[in-house]
Amino acid sequence: MNYKSSYNLFYIVTAFAVTMFFSCKNNFKEVQQIGIKQNEPIGVAENMNLKYTDSGRLKANLISPKMLDFSNREFSYNEFPDGVTLYIYDERNKRSTIVADYAISYNNTDLIDLRGNVLITTETKDSIFAEQLFYDQKRDWVFSNKPVRYVSPTSIVTGNAFDSNQDFSSYGVSEVTGVQYFDDDDSF
812 MNYKSSYNLF YIVTAFAVTM FFSCKNNFKE VQQIGIKQNE PIGVAENMNL
862 KYTDSGRLKA NLISPKMLDF SNREFSYNEF PDGVTLYIYD ERNKRSTIVA
912 DYAISYNNTD LIDLRGNVLI TTETKDSIFA EQLFYDQKRD WVFSNKPVRY
962 VSPTSIVTGN AFDSNQDFSS YGVSEVTGVQ YFDDDDSF
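Using this note's numbering, the first residue of the sequence shown is number 812, and each one after it goes up by one.
(1) Quick one: what does DSSP say residue 923 is sitting in, helix, strand or coil?
(2) Under 9 Å, do residue 979 and residue 920 count as touching if we go by C-beta distance?
(3) Hey, quick one: how far does the beta strand (DSSP E) through residue 876 stretch, first residue to last?
(4) By the DSSP assignment, the beta strand (DSSP E) with residue 907 in it spans what residues?
(5) Leaving out five residues on either side along the sequence, give the residues of the same chain with a beta carbon under 8 Å from the beta carbon of residue 881.
(6) Quick check on residue 900: buried or exposed, where buried means 16 or more other Cβ atoms within 10 Å of its Cβ?
(7) May I ask which residues mark the beginning and end of the beta strand (DSSP E) holding residue 960?
(8) What does the alpha-carbon distance come out to for the pair residue 963 and residue 938?
(9) Where residue 897 and residue 910 are concerned, what is the direct C-alpha to C-alpha distance, given to the nearest angstrom?
(10) Nearest CA to the CA of residue 903: which residue from 918, 977 and 991?
(11) Tell me whether residue 853 sits in a helix, a strand or coil according to DSSP, three-state version.
(12) Do the CB positions of residue 926 and residue 940 come within less than 9 Å of each other?
(13) Roughly how many angstroms separate the alpha carbons of residue 932 and residue 986, rounded to a whole number?
(14) Have a look at residue 969 and residue 990 and give me their C-alpha separation to the nearest angstrom.
(15) On the premise that residue 855 lies in contact with residue 879, defined as a C-beta separation below 8 Å, what is that separation, rounded to the nearest angstrom?
Shown next, in the form of structure tokens:
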């Protein structure tokens, strides 16, 4: 009897050990996330002034009342829920201004997604109005695939897409839906 019960005990211990062995998993990522709520930022900055330089030259300056840092994500980003003002500087240090109600800056791609009442004013006093616009910091390019309105002192052009270089000297409105020209005597 004693011999038979020791075999039963051996089988029970073996079954238990095998079960425990196969139930273990590598959960290092989960352990790292302890204390961080799932959809919460890892940092919050208020009244921020972020400057982007390249080779010692100021290329962009982003100002916002609040930034949420989600750099703990696999595709890291910074969110600006209370809006932004983005100044873009060209090679001659001429400044264009972009204002938006909301923005997201993607760290891996250097792309800034600007949304809600987006307004660009250029050094030459041209204005671009859109609901969404992207600024590619690597390519110094501004673009949108949403309806836009381009206003210059001599015309208003509306269309369904827009792209331009950073100083707005080379721009295009695609899928034009309307054009209005002004004489010097006209006012708008």
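From the three backbone atoms N, C-alpha and C, an ideal C-beta is built for every residue, glycine too.
Bear in mind that the values here come from a model prediction, so they are computed numbers and not experimental data.
The short version:
(1) Locating residue 923 in the sequence shown gives position 112, where the first residue counts as 1. Residue state, collapsed to three classes: strand.
(2) As a first step, residue 979 must be located in the sequence shown, where it is residue number 168. As a first step, residue 920 must be located in the sequence shown, where it is residue number 109. Not a contact, by the Cβ cut-off of 9 Å.
(3) Position 65 of the sequence shown holds residue 876. That run of the beta strand (DSSP E) goes 868-881.
(4) Counting from 1 along the sequence shown, the entry for residue 907 is found at position 96. In the DSSP annotation of this structure, the continuous segment of the beta strand (DSSP E) that includes residue 907 starts and ends at 906-911.
(5) For this step, residue 881 is matched to residue 70 along the sequence shown. Cβ-Cβ distances below 8 Å link residue 881 to 852, 853, 887, 888, 889 and 890 in the same chain, with the five nearest sequence neighbours on each side left out; the list follows chain order.
(6) As a position in the sequence shown, residue 900 is number 89, starting the count at 1. Residue 900 is buried by the Cβ-count criterion.
(7) Mapped onto the sequence shown, residue 960 falls at position 149. In the DSSP annotation of this structure, the continuous segment of the beta strand (DSSP E) that includes residue 960 starts and ends at 959-962.
(8) Numbered from 1 along the sequence shown, position 152 holds the residue referred to as residue 963. Numbered from 1 along the sequence shown, position 127 holds the residue referred to as residue 938. Cα to Cα, residue 963 sits roughly 7 Å from residue 938.
(9) Sequence index remark: in the sequence shown, residue 897 carries index 86 (1-based). Sequence index remark: in the sequence shown, residue 910 carries index 99 (1-based). Straight across, the Cα-Cα distance linking residue 897 with residue 910 is about 6 Å.
(10) What you label residue 903 is simply residue 92 of the sequence shown in a count that begins at 1. Of the listed residues, the one whose Cα sits closest to residue 903 is 977.
(11) Taking the sequence shown and counting its residues from 1, one reaches residue 853 at position 42. Coil, per DSSP.
(12) Looking up residue 926 in the sequence shown gives position 115. Looking up residue 940 in the sequence shown gives position 129. Residue 926 places its beta carbon 9 Å or farther from that of residue 940.
(13) As a working mapping, residue 932 is identified with position 121 in the sequence shown. As a working mapping, residue 986 is identified with position 175 in the sequence shown. Approximately 22 Å, taken between the alpha carbons.
(14) The count along the sequence shown starts at 1 and reaches residue 969 at position 158. The count along the sequence shown starts at 1 and reaches residue 990 at position 179. In this structure, the alpha-carbon of residue 969 lies about 7 Å from that of residue 990.
(15) Residue 879 sits at position 68 when you count from the first residue of the sequence shown. Residue 855 sits at position 44 when you count from the first residue of the sequence shown. Between residue 879 and residue 855 the beta-carbon gap is near 6 Å, inside 8 Å, which marks them as a contact.
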